[in-house]
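A.B. asks: Residue numbers (full-length UniProt numbering), protein chains in the order written: chain A, 1 to 150; chain H, 1 to 150. Built from N, CA and C at the ideal position, the CB exists for glycine as well. Since we're looking at a predicted model, the values are computed, not measured. One structure follows; several queries about it will come next.
Following this line, the structure appears as structure tokens:
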């Protein structure tokens, strides 16, 4: 499987979110053959909806699936607890992470639960996220539940 | 705070879901004074959307909040990993659980993260959930990501 190719779909979603002024995290779900099942992006800002993270949006768009063990969830940024919980609950087999520099997530927790985690350290994902956090730290902190931290 | 009163709102949502043929889990979010901010229910069946659990729906309906530390999330059933991750990520201060008999969830994991977890062991929540699991184990297993288990 060419994970870099799969990442492009998620990155395009993140780029679209970035251009909309939203949190630039994109995600996509594929079947075991690399066929796209659903793609999405964080839309906290665009829709005023804090429940739409990139991963939950792609999961939603993929619709009901009989099993997720053979599915591949690709995300531009390491998943937060909310999205890590989603992955663990539904036993998503493989998670491809564009980068974990700007947010390290909980990748070891996922690995311990048996998830196949693949890290790509994609420069474009890293730059886009860093640019957003530098420009809008208020929105970023709100999105990771830290807006009341000092 | 009268948590039994708050639970009624979530239970009414669960009841509505039950009557619709859906997974009967309801939830509601309140501020620290007990004012309702949002309520919702699992709508996997009703909308063909696996991302809508009771807790994520109530969270969504409450809209963007500056902090969740002073909020109360009430749910009829112990939260799964997906919803537990939501609670932990956004630092929701208090979680009221209608019952944890039919699904024990991960309440200790939440407590270790500093969440104030209150268990009510409500007979009506227990009976409604048991009735659904007995009648539609296929949908229930799909909802907790176990549909490919034997």
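Contact criterion: CB-CB distance below 9 Å. Does residue 42 (chain H) meet it with respect to chain A?
C.D. replies: No, residue 42 (chain H) does not count as interfacial toward chain A.
A.B. asks: Nearest by alpha-carbon distance to residue 31 (chain A): which of A:11, A:93, A:71, A:1 is it?
C.D. replies: Cα-wise, what sits closest to residue 31 (chain A) is A:71.
A.B. asks: Which residues, in chain order, does the stretch 61-72 of chain A contribute to contact with chain H at a C-beta distance below 7 Å?
C.D. replies: Cβ contacts with chain H: 63, 64, 66, 67, 68, 69.
A.B. asks: Just tell me which of A:120, A:2, A:95, A:54 has its CA closest to the CA of residue 109 (chain A).
C.D. replies: Considering only alpha carbons, the answer is A:95.
A.B. asks: Which class does residue 90 (chain A) belong to by DSSP, given the choice of helix, strand or coil?
C.D. replies: Residue 90 (chain A) falls in the coil class under three-state DSSP.
A.B. asks: Just to confirm the assignment, what range does the beta strand (DSSP E) spanning residue 56 (chain A) have?
C.D. replies: Run containing residue 56 (chain A): none in the beta strand (DSSP E); it sits in the alpha helix (DSSP H), 54-61.
A.B. asks: Using only the alpha-carbon positions, how far apart do residue 139 (chain H) and residue 45 (chain H) sit?
C.D. replies: Roughly 8 Å between the two C-alpha positions.
A.B. asks: Ignore the nearest five residues each way along the sequence and tell me which others in residue 120 (chain A)'s own chain have a CB closer than 8 Å to its CB.
C.D. replies: Contacts found: 3, 4, 7, 96, 97, 98, 99.
A.B. asks: Between which two residues does the alpha helix (DSSP H) holding residue 9 (chain H) run?
C.D. replies: That run of the alpha helix (DSSP H) goes 3-19.
A.B. asks: Tell me, please, whether the stretch 49-58 of chain A touches the stretch 60-74 of chain H by the rule of three or more beta-carbon pairs shorter than 8 Å.
C.D. replies: Contact between the stretch 49-58 of chain A and the stretch 60-74 of chain H is present, because at least three Cβ pairs lie under 8 Å.
A.B. asks: Could you confirm whether any beta carbon from chain H is found closer than 9 Å to the beta carbon of residue 111 (chain A)?
C.D. replies: It does not; no Cβ of chain H falls within 9 Å.
A.B. asks: When the distance is taken between beta carbons, is residue 92 (chain H) closer than 9 Å to residue 69 (chain H)?
C.D. replies: Yes.
A.B. asks: For residue 72 (chain A), which of helix, strand or coil comes out of DSSP?
C.D. replies: Strand, per DSSP.
A.B. asks: According to DSSP, what are the bridge partners of residue 37 (chain H)?
C.D. replies: BP columns for residue 37 (chain H) are empty, so no partner.
A.B. asks: Cβ of residue 24 (chain A) less than 9 Å from any chain H Cβ?
C.D. replies: No, because no Cβ of chain H sits closer than 9 Å to the Cβ of residue 24 (chain A).
A.B. asks: Can you name, in chain order, every residue of its own chain whose Cβ lies under 7 Å from the Cβ of residue 102 (chain H), other than the five neighbours on each side?
C.D. replies: 77, 126, 129, 130, 133.
A.B. asks: Looking at the unbroken alpha helix (DSSP H) that takes in residue 141 (chain A), where does it start and where does it end?
C.D. replies: From DSSP, the alpha helix (DSSP H) with residue 141 (chain A) extends over 137-143.
A.B. asks: Once you ignore the five residues that flank residue 81 (chain H) on each side, which residues in its own chain have a CB closer than 7 Å to its CB?
C.D. replies: Excluding residues within five positions, the ones whose Cβ falls inside 7 Å are 106.
A.B. asks: According to DSSP, is residue 124 (chain H) helix, strand or coil?
C.D. replies: Helix.
A.B. asks: Would you kindly check if the distance between the Cβ of residue 17 (chain A) and the Cβ of residue 28 (chain A) is under 9 Å?
C.D. replies: Cβ atoms of residue 28 (chain A) and residue 17 (chain A): not closer than 9 Å.
A.B. asks: Counting along the chain, where does the beta strand (DSSP E) carrying residue 117 (chain A) start and finish?
C.D. replies: Start and end: 116-119.
A.B. asks: Can you tell me which of H:11, H:59, H:43 puts its alpha carbon nearest to the alpha carbon of residue 20 (chain H)?
C.D. replies: Of the listed residues, the one whose Cα sits closest to residue 20 (chain H) is H:43.
A.B. asks: With 16 as the cutoff for other CB atoms within 10 Å, does residue 60 (chain H) come out buried or exposed?
C.D. replies: That one is buried.
A.B. asks: Identify each residue in the stretch 116-137 of chain H for which the Cβ-Cβ distance to at least one residue of chain A is less than 7 Å, and report them in chain order.
C.D. replies: Flagged: no residues at all.
A.B. asks: Closer than 9 Å by beta-carbon distance: list the chain H residues that pair up with residue 49 (chain A), in chain order.
C.D. replies: Simply 60, 63, 64.
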